[in-house]
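Chains A and B, in that order, are what the protein sequence lines are. In terms of this note's numbering, the first sequence opens at residue 8 and continues consecutively. In terms of this note's numbering, the second sequence opens at residue 1364 and continues consecutively.
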Amino acid sequence: MIGQVFSWLTDSAHWTDTPIDTGIATQLLAHIRFSLIAVGIAAAIALPLGLLIGHTRRATFLVAGANALRSLPSVGLLVLLTVLIAPHFYGRTDIGYVIPTEIVLVLLAVPPILSNTYAGVDNVSPAVTDAAKGMGMTERQILFGVELPCSLPLIFSGLRSATLQVIATATIASFVPLGGLGRFIYDGLQQQDYPQMISGGVLVAALAMAADLLLALIQRSVVSRGLSGRFSRAVVVTSTSERTEVEAG
Amino acid sequence: MIRFESATKQYPDGTLAVDALDLVAPSGQITVLVGPSGCGKTTSLRMINRMIDATSGRILLDDQDVASVDPARLRRGIGYVIQHAGLFPHRTIIDNIASVPLMLGRSKKEARAGAMELLERVGLDPRFAQRYPAQLSGGQQQRVGVARALAADPPVMLMDEPFSAVDPVVREQLQDEFLRLQSDLGKTIVFVTHDIDEAIKLGDQVAVLRVGGRLAQMATPAELLSNPVDDFVANFVGRDRGYRALGFESVTALPLESEPTVSLDSSFTAAEKAAVDGWVLVLDGERRPQGWLAVADGPSATGDTISTATLRRGGTVAERDGTYRAVLDAALSSPTGRGVIVGPDGTFAGTINASRVVALIEARAEAPR
Ligand SMILES: Nc1ncnc2c1ncn2[C@@H]1O[C@H](COP(=O)(O)OP(=O)(O)OP(=O)(O)O)[C@@H](O)[C@H]1O
Ligand SMILES: [Mg+2]
């Protein structure tokens, strides 16, 4: 079976488009596009909101509320939204399917980003914000100059877990008739072509790992070494600062 | 100068943290606020830089009501040091120190150069500059906190229990360095502590607060020890205040006994000959006291010389114009009962025993003051 999957994946005919079939390359790009749009929109919503809630400590119920979203069944929601939305867009475009799909993915990506961003800001030691305020920083300077950079490790772990989830779940785009790597899984299932189906899964996993690696590299370059603990000098003097790690949900 | 004019702070929940406080913190001096936990020290301090706004009354900073100044601008001109330093974990030490100058618009180069200077000034090795706070010990972080507060050279410093989170040995070091620094800089400092010993050691004047934020007594440390206004202050100041008060009075015209001495390289025979009651004081080449030699301990193993290993070095040494407390302690801690007194240059001046010191203390008490 492994051999069959391997030969399916390495068959160059499967990578390029034919008049009947869409190849791996195109579906991979489609998958990346769905995922990027979803994570991008989710970040645009959840990052500022999380920073604001963390800084003001107001409306924290939104964080708990967003976490409740995680329990929604993705496929069920997708079907429901498609039934509601798709009829308004019949015609040549597939936008009527894209919108429901992106909504489902965004709803999935918002909670980890929001709760981690909030936790990141909330976790900044009160002594640090007190000192910042006491030296004459404005609220804005405290938020962007202290709280945001100090929250980056947690923000990144939120982004990474959101990205993983979105890439994995974006396969459902193929449940409504859209592209993406899920196509191989659903088609493989339907045609009982198991090498194709498993290859689809392998491709999704590979994409997820590649995305995570990319984010990890970005994280390494933007998070201060003072927070990540990767100090350049070998000697570490006894530290009294305590840092709490909050696990990304 | 900082002046509280019936400054009052009532929290929204009704707690009256500071009640009509009148207080003056003179320029160039250290004013310590001390009192039991919850008496309103932190609240009083934070009203100065408007981290907390007074509910009534005023606080004047050089005759200007702080309430009339924009809080962020006000704070940039006031150094602020807190208990757990509160260093920015994502910035290097040098950039932590340079924070305020950079905010004030100084160039990066200038701010960093100033920060480097301060780093040394607070007793830290320049190689700490590129480290991060997590790589420093608590005491080192606290020093950086002080350096950061000093960076823009503010005339006023507010310090809230800055040394209370470190162990006693480090605390003492930090206190000594802080006093040395202040003698150079002459800032107007308001310093909060709950530790009366720290208050007495550091304060030019000490304000004792009682719970409810009321001023119990404002006095110099010596006055506080010798003349507490009521039982509350007396109890708070502590039991051995009589002895501690001696630390604030310098002796004059100390009647010293001459004492036979030998130098480190003398023979044991010479030392034995010079000894009084079996003891002789040993000096180094520059006539600085090294310790007492007990004749009974015998010569060193290698021959007729003084063994440095058996020298009794436990006694304290007091300066001739030091305090009564230091002189008495020298007498009490000496194995011979003869307290070793030195001149300002550290060379041996003579000895005095405890009963003579006590007689001096009594004579001074009888004289009308
Ligand atoms: N934000 C607040 N809301 C309500 N009450 C407060 C608040 N902050 C302080 N208090 C109360 O005001 C009083 C004075 O508090 P403050 O922090 O000034 O005491 P303190 O003298 O600094 O004590 P400590 O030595 O323990 O630091 C206390 O009774 C405290 O409980
Ligand atoms: Mg306090």
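The C-beta atom is built at its ideal place from N, Cα and C for all residues, glycine as well.
Checklist entry - Cα-Cα, which of H1557(B), G1449(B) and V1643(B) is closest to S1630(B)? => result V1643(B)
Checklist entry - Exposed or buried, what is L1542(B) when buried is set at 16 or more other beta-carbons lying within 10 Å of its beta-carbon? => result exposed
Item to check | Environment of F13(A) [buried if 16+ CB atoms lie within 10 Å] | outcome: exposed
Next on the checklist: Does the structure place the region 1404-1415 of chain B close enough to the region 1570-1587 of chain B that three or more beta carbon pairs sit under 8 Å?
Outcome noted: yes
Item to check | For P1652(B): DSSP bridge partner residues | outcome: L1646(B)
Checklist entry - How about S1460(B): is its C-beta nearer than 8 Å to some C-beta of chain A? => result This sequence places Ile at residue 1460(B); Ser is not what is there. Output row for I1460(B): interface = no.
Checklist entry - Just by C-beta distance, which residues in the region 115-144 of chain A are closer than 9 Å to chain B? => result V131, S132, P133, A134, V135, T136, D137, A138, A139, K140, G141, M142, G143 and M144
Checklist entry - Apart from the five residues on each side of it in sequence, which residues of its chain come closer than 6 Å, Cβ to Cβ, to L16(A)? => result S206
Checklist entry - Going by beta carbon distance, what residues of the same chain come within less than 6 Å of R1683(B), once the five residues before and after it are set aside? => result L1617, I1704, G1706 and A1712
Next on the checklist: Tell me which residue opens and which closes the alpha helix (DSSP H) that I225(A) is part of.
Outcome noted: Y201 to V229
Checklist entry - Hey, out of L1396(B), K1636(B), K1550(B) and T1615(B), whose CA is closest to D1523(B)'s CA? => result L1396(B)
Next on the checklist: Residues of chain B with CB closer than 7 Å to the CB of P156(A), please, in chain order.
Outcome noted: H1453
Checklist entry - Taking three-plus beta-carbon pairs below 8 Å as touching, is the region 1454-1473 of chain B in contact with the region 1526-1536 of chain B? => result no
Checklist entry - How would you write the range of the beta strand (DSSP E) that D1382(B) sits in, first residue to last? => result L1379 to A1388
Item to check | Contact shell at 7 Å, judged by CB to any heavy atom of ligand 2, ordered along the chain | outcome: K1404(B), T1405(B), D1523(B), E1524(B) and V1555(B)
Item to check | Contact belief for V1596(B) with L1723(B) at Cβ below 8 Å, rounded distance in angstroms | outcome: Not confirmed; about 28 Å, so no contact.
Checklist entry - Per DSSP, which one or two residues make a beta bridge with G1702(B)? => result I1715(B)
Checklist entry - According to DSSP, which residues form a beta bridge with G1442(B)? => result M1520(B)
Checklist entry - Interface residues of chain A around R1439(B) at Cβ under 8 Å? => result M142 and G143
Next on the checklist: At a threshold of 7 Å, does A1380(B) count as lining ligand 1 (C-beta to nearest heavy atom)?
Outcome noted: yes
Checklist entry - Is there contact here, the region 1425-1442 of chain B with the region 1578-1588 of chain B, by at least three beta-carbon pairs under 8 Å? => result no
Item to check | S231(A): contacting residues in chain B (beta-carbon distance under 8 Å) | outcome: P1452, H1453, R1454 and Y1495
Item to check | Minimum Cβ-Cβ distance from Y1443(B) to chain A less than 8 Å | outcome: yes
Checklist entry - Quick one: Cα of G1601(B) to Cα of T1394(B), how far? => result 20 Å
Checklist entry - Beta-carbon of F163(A) versus every beta-carbon of chain B: anything under 8 Å? => result no
Checklist entry - Starting from E1480(B) and walking both ways along the alpha helix (DSSP H), at which residues does that stretch end? => result K1471 to R1484
Checklist entry - Since F1367(B) sits in a beta bridge, which residues does DSSP pair it with? => result L1386(B) and I1422(B)
Item to check | C-alpha distance - G1449(B) paired with R147(A), whole-angstrom precision | outcome: 18 Å
Checklist entry - What residues from chain B crowd round F151(A), counting only those whose CB sits closer than 8 Å? => result Correct list: empty, because the minimum Cβ distance to chain B is about 12 Å.
Checklist entry - Can you list the residues of chain A that H1447(B) reaches, using a CB-CB cut of under 7 Å? => result A134
Checklist entry - K1471(B): buried (16+ other C-beta within 10 angstroms of its C-beta) or exposed? => result exposed
Checklist entry - Just to check, is the beta-carbon of H1447(B) closer than 7 Å to a non-hydrogen atom of ligand 1? => result no
Next on the checklist: Just to confirm my understanding: we take G1700(B), look at its own chain, exclude 5 residues before and 5 after, and list those with CB closer than 6 Å. What are they?
Outcome noted: N1716
Item to check | Selection from P160(A), L214(A) and G208(A) that minimises the alpha carbon distance to V230(A) | outcome: P160(A)
Checklist entry - Is Q1493(B) helix, strand or coil when you go by DSSP? => result coil
Checklist entry - Just to check, is the beta-carbon of S1400(B) closer than 7 Å to a non-hydrogen atom of ligand 1? => result yes
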